[in-house]
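J.:
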Amino acid sequence: MYSISNKKPSILSMVPLNILKNQDLKVKKDQEKKISFNPVVTPIRPDDYHEKTSRSSSSSHSDSPEFLRINNNKSGHKNGKLKSFESKKLVPLFIGDLHETVTEETLKGIFKKYPSFVSAKVCLDSVTKKSLGHGYLNFEDKEEAEKAMEELNYTKVNGKEIRIMPSLRNTTFRKNFGTNVFFSNLPLNNPLLTTRVFYDTFSRYGKILSCKLDSRKDIGFVYFEDEKTARNVIKMYNNTSFFGKKILCGIHFDKEVRSVPNFETQKSRLDAETIIEKEQSLNEKHSKGNDKESKNIYSSSQNSIFIKNLPTITTRDDILNFFSEVGPIKSIYLSNATKVKYLWAFVTYKNSSDSEKAIKRYNNFYFRGKKLLVTRAQDKEERAKFIESQKISTLFLENLSAVCNKEFLKYLCHQENIRPFKIQIDGYDENSSTYSGFIKFRNFEDATRIFNFLNNRLVGGSIVTTSWERQNNAPKYHDGYGMRNIHTSSHPQITPYYQYSHANSLNSPHMRDLSSMNSSTRSLIKNKNFNKKVLETFEKQVRRGIDFMRFPSATRDENVHGIAEYIFDTYWNRDVLILDKFLSLLNSSPYHEGVLQKQIEEAASSLGFKR
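Everything in the sequence shown is counted per full-length UniProt numbering, starting at 1 for the first residue and increasing by one.
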């Protein structure tokens with residue numbers, strides 16, 4: 001019985017059964033040339049391995065990984081012989097800053113002129129399959145890889161400069177501690193200073209592993225292979241003129257390097273002159289957070305702006321990309337997401353002129369559907385002065401008619417989308433039968449709007465005057481409405497036409513709609529029957545309020561009608577809607593009752609009905 005084994009064929013199966021003894025030496029030599037299978041592993045960036053949540057399908061840094069190259073010779077498997085395999089150590093290069101349109105075929109077309117070029121890979125998002133902006137190149141020859149890096153580094157591919165550097169592991173970063181040089185205040189607005197020129201300038205001092213410029217901040221980085229070279233470059237260029245502008249440079253430590261346990265020990269071994277502590281904080285110290293000290297730094301700067309109403313999904317890079325269009329940015333502070341539906345930020349520019357440009361350009365500008373508020377950032381002293389200046393937001397009103405009462409002023413503010421802090425009518429002038437008061441607003445802008453709206457405007461037969469200070473001769477009263485000397489009718493009030501008065505009350509949406517219409521529109525919607533009933537009700541109120549002993553002839557029908565017309569024209573500006581509202585309040589307010597009584601007496605006297 002035959003048995004079937006699942007085991008893989010042993011090496012014995014590769015040896016012919018009829019091999020001759022004199023062929024032992026030849027077989028031994030052949031076996032030495034053969035290499036067993038090893039899986040081909042694409043180098044993976046260490047952080048990609050640990051962060052499985054990343055959506056990128058990246059290859060990455062490696063010192064010099066072994067690659068297994070398959071011999072494509074089709075004649076390799078003849079006469080029972082296996083294909084031959086050979087192991088090659090390839091030189092990997094990292095290529096970054098790729099334009100989104102650059103593909104693997106694009107890179108192959110560029111680097112195929114180098115004989116030892118093997119392959120190219122562009123890393124893609126695992127979901128969208130779009131380019132992540134970086135990839136890897138593999139060469140068989142180290143010298144040729146360095147030649148390609150030297151010749152093509154920082155050249156443009158599809159309109160964007162590419163960046164090529166050796167693919168390095170984190171161990172290499174630790175070995176080269178203190179070799180990353182940070183440059184500040186670079187004149188990157190100078191078209192002559194390109195990344196390639198920057199690279200060529202410093203490559204003559206030693207081998208460069210990476211080089212990058214950031215025009216959004218006017219900064220740059222050069223990562224040297226050797227620490228001694230980095231120190232020499234700093235000593236030569238720090239506080240010197242570079243392309244006509246004084247620059248600063250010093251050792252920069254990446255966030256990953258600063259997290260190393262012995263970072264402080266290693267840092268202490270470096271020269272203090274080679275480290276720019278102030279500039280280090282620009283890049284990563286102030287990102288999102290609630291650091292109070294950070295906010296004070298930005299808010300006290302004369303070059304800082306304050307940005308309000310940012311979308312909650314806004315990132316630090318979004319702000320950097322958007323606001324750097326007017327000039328290089330020194331630092332950014334972005335608030336945390338709060339209960340309110342927006343974020344705020346401080347942005348500090350390197351030049352004060354750029355902060356002024358930003359305010360003019362971005363204030364009231366729409367950013368991702370939200371209207372931004374951009375102002376100059378204020379320190380504590382300036383904020384205190386601003387709060388003090390808000391005391392001017394109290395608006396004083398004089399010569400108010402009975403119509404222009406507290407409810408009227410509330411309604412006016414509501415119509416203008418203003419929320420007043422306080423409204424008070426606290427003065428009465430018996431000589432002119434007018435009132436005075438004040439409105440406290442939450443800000444000066446709202447106060448100014450009402451000032452301009454009411455000043456010198458005829459309301460209810462009186463021209464209102466507004467001012468920022470109370471008039472010294474303005475009378476005050478403290479006993480109710482101050483209507484002690486006004487004769488009150490003993491006749492019961494006649495209920496007005498409530499069907500319409502209720503529909504047009506202050507709390508009614510109908511009344512709110514009417515208030516926002518101009519006079520011509522309002523006249524079109526008035527109902528003739530409504531007008532007639534309001535005026536009839538008003539005339540009945542006038543008749544009830546006439547004192548027969550003082551004005552005996554005024555009680556005749558034609559005279560009552562004349563007095564009512566006079567009051568309607570003089571005090572109410574022939575506005576039926578406001579008059580109707582006034583009538584609806586007579587039952588609940590002695591104040592309004594007294595106002596009407598005063599109007600009746602003045603009208604009767606003016607028309608000559610007084611005894």
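Beta carbons are placed, not taken as given, at the ideal position from N, Cα and C, and that holds for glycine. Model, not experiment: these values are computed from the prediction.
#1: Nearest-angstrom Cα distance between LYS371 and LEU310?
#2: Mind pulling the beta strand (DSSP E) runs of 3 or more residues that sit fully within the segment 109 to 157?
#3: Where does the unbroken alpha helix (DSSP H) through PRO590 begin, and where does it stop?
#4: Specify, as a first and last residue, the run of the beta strand (DSSP E) that GLN424 falls within.
#5: So, does the segment 179 to 187 touch the segment 240 to 252, judging by three or more C-beta pairs under 8 Å?
#6: In the DSSP assignment, find the unbroken alpha helix (DSSP H) run with SER203 in it and report its ends.
#7: Can you tell which of ILE307, VAL122, ARG163 has the C-alpha that lies nearest to the C-alpha of ALA148?
#8: Among LYS207, MET236, GLU104, ARG216, which residue has its Cα nearest to the Cα of GLU225?
#9: Suppose contacts are defined by Cβ-Cβ distances below 7 Å. Is LYS95 in contact with LEU137 by that definition?
#10: Tell me which same chain residues have a C-beta within less than 7 Å of the C-beta of ARG484, skipping the five on either side of it?
#11: With which residues is ARG163 paired in a DSSP beta bridge?
#12: Give every residue of the same chain whose Cβ lies closer than 6 Å to the Cβ of SER433, excluding the five residues on either side of it in the sequence, and list them in chain order.
#13: Does the segment 595 to 610 come into contact with the segment 528 to 547, if we say contact requires no fewer than three beta-carbon pairs (one atom in each stretch) closer than 8 Å?
#14: Hey, does GLU225 have any beta-carbon neighbour from chain B nearer than 7 Å?
#15: Taking the alpha-carbon positions, what's the TYR349 to ASP218 distance?
#16: Indicate whether TYR223 and ARG196 have their beta-carbon atoms separated by less than 7 Å.
#17: For LEU397, which of VAL102, PHE453, LYS142 has the nearest alpha-carbon?
#18: In angstroms with no decimal places, state the Cα-to-Cα distance between PHE451 and VAL560.
#19: By Cβ distance, which residues of its chain are closer than 8 Å to ASN351, with the 5 residues on each side in sequence left out?
#20: Run through DSSP, which three-state label would ASN399 get?
#21: What residues match up with ILE219 in a beta bridge as DSSP calls it?
#22: Which one of PRO115, LYS129, MET165, LEU90 has the shortest CA to CA distance from THR103?
#23: Who are LEU310's beta bridge partners in DSSP?
#24: Just to confirm the assignment, what range does the beta strand (DSSP E) spanning LEU90 have?
#25: Just curious, the beta strand (DSSP E) that GLY437 is in, first and last residue?
#26: Return the residue from the list LEU320, ARG470, ASN456 that minimises the CA-CA distance to VAL464.
#27: In its own chain, which residues sit with a C-beta less than 6 Å from the C-beta of SER335, not counting the 5 before and 5 after it?
#28: Can you list, in chain order, the residues of its chain whose CB lies under 7 Å from that of SER131, leaving out five sequence neighbours each side?
#29: Work out the CA separation of ILE307 and LYS357 for me, nearest whole Å.
#30: Could you tell me the boundaries of the alpha helix (DSSP H) in which THR229 lies?
#31: Secondary structure at GLY250, three-state DSSP: helix, strand or coil?
#32: Short of 6 Å in beta carbon distance, which residues of its chain neighbour ARG470, apart from the five on each side in sequence? Order them along the chain.
#33: Taking a contact to mean a Cβ-Cβ separation below 7 Å, would you say VAL347 touches PHE365 in this structure?
#34: Count the other CB atoms within 10 Å of the CB of GLU204; is the residue buried (16 or more) or exposed (fewer)?
#35: Run through the DSSP bridge pairs and tell me what ILE208 is partnered with.
#36: Can you list, in chain order, the residues of its chain with a C-beta nearer than 6 Å to that of SER462? Leave out the 5 residues immediately preceding and following it.
T.: On the basis of the data shown:
#1: 8 Å
#2: The qualifying runs are 117 to 125, 131 to 139.
#3: Annotation for PRO590: the continuous alpha helix (DSSP H) segment containing it runs 590 to 606.
#4: 422 to 429
#5: yes
#6: 195 to 203
#7: ARG163
#8: From the listed residues LYS207, MET236, GLU104, ARG216, the smallest Cα separation to GLU225 is found for LYS207.
#9: The sequence given here has Ile at residue 95, not Lys. Contact flag set, yes.
#10: Residue placement at ARG484 cannot be trusted, given a pLDDT of 35 that sits under 50; what the coordinates show is reported in the next sentence. There are no such residues.
#11: For ARG163, which the question treats as bridged, DSSP gives the partners GLY96.
#12: Hits under 6 Å: LYS598.
#13: At 8 Å Cβ cutoff, the stretches touch.
#14: In summary, chain B is missing from the structure at hand, where a single protein chain is found.
#15: 11 Å
#16: Contact: no.
#17: PHE453
#18: 38 Å
#19: ASN303, GLY327, PRO328
#20: strand
#21: SER184, ASP214
#22: LYS129
#23: Its beta-bridge partners are LEU343.
#24: First-last for LEU90: undefined, no H or E at that position.
#25: Where GLY437 is concerned, the enclosing beta strand (DSSP E) stretches over 434 to 440.
#26: The candidate whose alpha carbon is nearest that of VAL464 is ASN456.
#27: If we look at SER335 and ignore the five residues flanking it on each side, its Cβ neighbours are LEU343, TRP344.
#28: LEU98, GLU100, VAL102, VAL122, LEU124
#29: 14 Å
#30: 227 to 237
#31: strand
#32: PHE396
#33: no
#34: Looking at the sequence itself, residue 204 is Arg, so the reference to Glu does not match. ARG204 is exposed by the Cβ-count criterion.
#35: Answer is PHE224.
#36: ASN399, SER401, THR434
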